[in-house]
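Protein chains in written order, with my numbering: chain A, 1 to 111; chain B, 112 to 306. The C-beta atom is built at its ideal place from N, Cα and C for all residues, glycine as well. Here the structure is laid out as C-alpha cells; the discussion comes afterwards.
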C-alpha cells in the first residue's frame, strides 16, 4: 500500500515538473539568419531555373530516351551489316578456296 | 481580419519591414512550440528558421480561413513532427548520430529559463522522464498536450490549429494525461523494483 502511495507521489511530482518551466525565447538575430537563408536559396534557384522548369525536365528525359533508342538501333544495324559482310566474305572465300582470319588477313592456299 | 489581410498583402508584395514584423511578433511562440517537441534549443532554432522560411514562401497561398497565428502554429507543429520522424529514421538506420533518449545526459535538454543551479538535478531528471513519456504518446495526443501544457494555448486555440472540435481536444488531453500517468507509473514501479 505504501509502495503504491510512493509511486503515485512520484508520478504527481513528475507531472508537476512541467509547471516549473518558463517559456523559451528565440535566439537573437533570428530575422537576419532567416533572411540569409532565403537569399541563399533564391540565388541557387536563379542559377538552376533551367532545371526547375518541368517542361524542360520532360524534354531532357525524352531526349535521353530517344538517344538510347537510336543508339540501340544503330548498334543492331551495325552488327547486322557486319554479320552480312562476314557471311559474304566467307562465301567468297569458300568459292575460291581462300582462308580469311578475323583480322581480315587473306591467306592464299592451295588445296 | 482586414488589418491582417493588409499585413499579409504587404508581405506578399515583398515588403521586408512587414516580414520582419511578422518574425518579431511570432518568433518566441514558434521557438517555444518547436522546443516543446524537440527539447533542444539549437534544433528548435533551426526549426524556427524553417518555419518562417515556409511562411515566407507560402504566404500567398494562405486563404485567411483561419487566423495568421493558427496557420503559423500549424506549420510549426508539422515541421517539428517531420523533424522528429527524420531523427527516428536516422537513429534506426544510421547509428552514426546517437540520439539517445535514455538516461544519458543530453546538453541543453529541456532547460527552463528560471533554472538556477540548485534547481536540482532531481527536477531536471523528472523533466527528462516526462519528456520520454510524452514522446511515447500517440501523435494527436502529443500535439494537444504540448500545445496546452507547454505553449499554454486554450482548448479553442488548439482546436483551430488541429482542425478538430473542442470536445475532441478535451478528449485528447484527457487520454494524454491518462497515458502519461500509466507510463510514469510503470516507470516508477520498475524503479522501485530495481532499487
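Which residue comes first and which comes last in the alpha helix (DSSP H) that contains residue i?
{"i": "residue 246(B)", "result": "232-246"}
{"i": "residue 8(A)", "result": "2-16"}
{"i": "residue 261(B)", "result": "First-last for residue 261(B): undefined, no H or E at that position."}
{"i": "residue 133(B)", "result": "127-149"}
Determine the chain B residues that contact residue i at a beta-carbon separation under 7 Å, and present them in chain order.
{"i": "residue 10(A)", "result": "299"}
{"i": "residue 38(A)", "result": "164 and 167"}
So what does DSSP say about residue i, is it helix, strand or coil?
{"i": "residue 282(B)", "result": "helix"}
{"i": "residue 169(B)", "result": "helix"}
{"i": "residue 99(A)", "result": "strand"}
{"i": "residue 273(B)", "result": "helix"}
{"i": "residue 178(B)", "result": "coil"}
{"i": "residue 117(B)", "result": "helix"}
{"i": "residue 210(B)", "result": "Per-residue confidence for residue 210(B) stands at a pLDDT of 48, beneath the threshold of 50, marking its modelled position as unreliable; no derived number is given."}
{"i": "residue 216(B)", "result": "Residue placement at residue 216(B) is poorly supported in this model, since its pLDDT is 40, which falls under 50; the coordinates still yield a value, given next. The answer is coil: DSSP assigns residue 216(B) none of H, G, I, E or B."}
{"i": "residue 92(A)", "result": "helix"}
{"i": "residue 223(B)", "result": "Unreliable placement is indicated for residue 223(B), whose pLDDT of 48 sits below 50; no coordinate value is reported for it."}
{"i": "residue 26(A)", "result": "coil"}
{"i": "residue 21(A)", "result": "coil"}
What's the call for residue i, buried or exposed, on a 16-neighbour Cβ count within 10 Å?
{"i": "residue 10(A)", "result": "buried"}
{"i": "residue 210(B)", "result": "At residue 210(B) the pLDDT is 48, less than 50, meaning the model places this residue with poor confidence; the figure from the coordinates comes in the next sentence. The residue is exposed, with fewer than 16 neighbouring Cβ atoms inside 10 Å."}
{"i": "residue 168(B)", "result": "exposed"}
{"i": "residue 142(B)", "result": "buried"}
{"i": "residue 166(B)", "result": "buried"}
{"i": "residue 289(B)", "result": "exposed"}
{"i": "residue 241(B)", "result": "buried"}
{"i": "residue 189(B)", "result": "exposed"}
{"i": "residue 214(B)", "result": "At residue 214(B) the pLDDT is 42, less than 50, meaning the model places this residue with poor confidence; the figure from the coordinates comes in the next sentence. That one is exposed."}
{"i": "residue 126(B)", "result": "exposed"}
{"i": "residue 254(B)", "result": "buried"}
{"i": "residue 152(B)", "result": "buried"}
{"i": "residue 245(B)", "result": "buried"}
{"i": "residue 130(B)", "result": "buried"}
{"i": "residue 238(B)", "result": "buried"}
{"i": "residue 92(A)", "result": "exposed"}
{"i": "residue 224(B)", "result": "Summary for residue 224(B): the model assigns pLDDT 44, below 50, so the residue's position carries little reliability, and this model does not support an answer."}
{"i": "residue 73(A)", "result": "exposed"}
{"i": "residue 24(A)", "result": "buried"}
So which residues on chain B does residue i lean against when the C-beta distance must stay under 9 Å?
{"i": "residue 3(A)", "result": "300 and 303"}
Kindly list, in the order they appear in chain A, the residues whose Cβ is closer than 9 Å to that of residue i.
{"i": "residue 241(B)", "result": "14, 15, 17 and 18"}
{"i": "residue 139(B)", "result": "23, 24, 25 and 26"}
Since residue i meets chain A, which of its residues come closer than 8 Å, beta carbon to beta carbon?
{"i": "residue 134(B)", "result": "30, 31 and 34"}
{"i": "residue 291(B)", "result": "15"}
{"i": "residue 234(B)", "result": "17 and 20"}
{"i": "residue 237(B)", "result": "13, 14 and 17"}
Can you pull the chain B neighbours of residue i, defined as C-beta to C-beta under 8 Å?
{"i": "residue 7(A)", "result": "296, 299, 300 and 303"}
Residue i touches chain A at which residues, Cβ-Cβ below 7 Å?
{"i": "residue 142(B)", "result": "24, 25 and 26"}
{"i": "residue 260(B)", "result": "18"}
Which residues, in order along the segment 144-167 of chain B, keep a beta-carbon less than 8 Å from a beta-carbon of chain A? 146, 152, 155, 156, 159, 160, 163, 164 and 167
Members of the segment 22-33 of chain A that neighbour chain B once the beta carbon cut-off is set at 9 Å: 22, 23, 24, 25, 26, 27, 30, 31 and 33
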